[in-house]
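>
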Amino acid sequence: MLRVLVLLLLLANAALAAWQWGWLGAPPPAPAQAASEPQRLAQQIEPERLRLLNPPGQAGHATEPTPPPQQEAPPPVPTTQPTDTPTPPGAVAREARRCWQLPPLPLEQAQALRRSAETQADLRGRHTETPGTLPVRWLVYIGPLAEADLAARRAALRLQGLDHRTVEVPGTGSGLALGTFSTEDAARRALAEVQQRGVRDARVVRERPPVNVLTLRWPDLTDAELARLRTALGTQARSLAACPATGG
């Protein structure tokens, strides 16, 4: 029985294949999507007016949007950095400096002024010292005189036409000097002259003995340093003077 069924199935399949291939008559029409190329072209309406939206050569561009054109960024502007340009030698004028000095002073007084300049004016090591000796000094002297007598005697000397000055002689007191001399002989000659003019109470005295002195000199001070030195010297700054020019 099984063999009969298999044989019938084989015969049925063979008959179906023969009919599809047209061996048993015209085959049934093919589905629309399987129609032959001539039939498809005949069914189109005005096929020559058809256009492809995306030509084959532009297929890749249609799927990807064209990016907007990029603007080139302007080149960076170099930033100028301030640089320290070395100043060529001689471009800046050297600050003016001058030499200043005090008159010869007794040792103790000169040393005290030197210390003031070093500590108060910050001029340590900037000075020079020249030692010396002041010779004895002699006066033609009237005195001692009280304050009231000084005024009256000065008026009388002016009437006589005699030059004079007020002095303070150590060990003697206040009085009037009619002249200052480096030797005793010169002082005595002057005394004789004033006595002939009617000055009977004048005499010769020694104003000072020989004195060891120092001359302080600051050879290269700027204006600012000079101002500090004047402040440090106090009242003695009045005697500060420019150094005398030396012959070259």
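Letter by letter, the sequence shown follows residues -17 to -1, 1 to 231 of mature numbering (1 follows the signal peptide of the UniProt record, and there is no 0). Backbone N, C-alpha and C define an ideal beta-carbon position, used for all residues, glycine too.
To which residues does DSSP link residue 149 through a beta bridge?
Taking the first residue of the sequence shown as 1, we reach residue 149 at position 166. BP columns for residue 149 point to 159.
> Residue 85 and residue 204 - do their beta-carbons sit closer together than 8 angstroms?
Locating residue 204 in the sequence shown gives position 221, counting from the first residue. Locating residue 85 in the sequence shown gives position 102, counting from the first residue. No, the Cβ-Cβ distance between residue 204 and residue 85 is not below 8 angstroms.
> Use the C-beta contact count for residue 126: other C-beta atoms within 10 angstroms, 16 or more gives buried, fewer gives exposed.
Here the question's residue 126 lines up with position 143 in the sequence shown. Buried is the call here.
> On the three-pair Cβ rule with 8 angstroms, is the segment 129 to 143 touching the segment 98 to 107?
Not touching, per the Cβ criterion.
> Do residue 196 and residue 89 come within 8 angstroms of each other at the CB atom, strictly closer than that value?
The residue given as residue 89 occupies position 106 in the sequence shown. The residue given as residue 196 occupies position 213 in the sequence shown. A contact, by the Cβ cut-off of 8 angstroms.
> Return the chain-ordered list of same chain residues with a C-beta closer than 6 angstroms to the C-beta of residue 208, the five sequence neighbours on each side being excluded.
Within the sequence shown, the letter at position 225 stands for residue 208. None.
> How many angstroms separate the CA atom of residue 153 from the CA atom of residue 192?
Within the sequence shown, the letter at position 170 stands for residue 153. Within the sequence shown, the letter at position 209 stands for residue 192. Straight-line Cα distance between these residues: approximately 10 angstroms.
> Checking 8 angstroms against the spacing of the C-beta atoms, do residue 173 and residue 164 come in under that value?
As a first step, residue 173 must be located in the sequence shown, where it is residue number 190. As a first step, residue 164 must be located in the sequence shown, where it is residue number 181. Contact: yes.
> Does DSSP put residue 42 in a helix, in a strand, or in coil?
Translated into positions along the sequence shown, residue 42 becomes position 59. In this predicted model, residue 42 has a pLDDT of only 47, less than 50, meaning its place in the structure is not dependable; the value taken from the coordinates is given anyway. Here residue 42 sits in helix by DSSP.
> Alpha carbon to alpha carbon, how far is residue 179 from residue 155? Give it in angstroms, no decimals.
Numbered from 1 along the sequence shown, position 172 holds the residue referred to as residue 155. Numbered from 1 along the sequence shown, position 196 holds the residue referred to as residue 179. Their Cα atoms are separated by approximately 25 angstroms.
> In angstroms with no decimal places, state the Cα-to-Cα distance between residue 185 and residue 171.
Sequence index remark: in the sequence shown, residue 185 carries index 202 (1-based). Sequence index remark: in the sequence shown, residue 171 carries index 188 (1-based). Rounded to the nearest angstrom, the two C-alpha atoms are 11 angstroms apart.
> Using only alpha-carbon positions, find the residue among 81, 166, 124 that is nearest to residue 148.
Looking up residue 148 in the sequence shown gives position 165. Per the Cα distances, 124.
> Please identify the residue among 201, 77, 143, 212 whose C-alpha is closest to the C-alpha of residue 111.
The residue you call residue 111 lines up with position 128 of the sequence shown. Ranking 201, 77, 143, 212 by Cα distance to residue 111 puts 201 first.
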